[in-house]
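All residue numbers for the sequence shown refer to this note's numbering, where the first residue is 329 and numbers rise by one. Ideal placement from N, C-alpha and C gives every residue a C-beta, glycine not left out. Scroll down for the structure; my scribbles are underneath it.
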Amino acid sequence: MANMQKFSIQECYRKLIGESEKVNWRNFVWNRLTLPEHRFICWLVMKERLNIALRLRRMGIIADPLCRLCGLLDETHIHLFFNCPFSLAMSQSISNWMQFDMFGVSIESSIRKIITSRRSRFQKQVLLAVLGATIYFIWLARNDVWNCKVC
Ligand SMILES: [Zn+2]
């Protein structure tokens, strides 16, 4: 900040919080082709607010944080939606069906892939809706397995 020629509160704030990548998720969550229940789950995923196993363990609700779909690693948002073998198989099938590899290593990178693709605006909206539906159904599958193991 000592190198600043002119003092600016906005510039000081930016330097204090560091440079961050601009999140372009609003187009995704509020895409008019994405169903409302899909939007809500996607919004929770982006905010990392879903009650995943690791979070529940930290709250002392459960003892086992392993992913319920694969049982290989701790269930985190990134693992559940982008690294779990179940999710990877599902996203690969959907990518083949859509003839576009829309899934990245995170929800942000997936959105970026779609937004920056050479597609029409409507095609991008459809791809964003498919991404939202995929995340929603992975979450449903996880909850189905979760409910079976708890009973
Ligand atoms: Zn898994």
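From the listed residues Q451, L459 and L378, the smallest Cα separation to V433 is found for L459.
In this structure, F428 has its beta carbon at no less than 7 Å from each heavy atom of ligand 1. Beta-bridge partners of D402 (DSSP): L394.
Ranking I466, W474 and V454 by CA distance to the CA of R360 puts V454 first.
Assignment of G388 by DSSP, reduced to helix, strand and coil, places it in the coil class. The closest heavy atom of ligand 1 lies less than 7 Å from the beta carbon of H407. Not one heavy atom of ligand 1 falls within 7 Å of the beta-carbon of C476.
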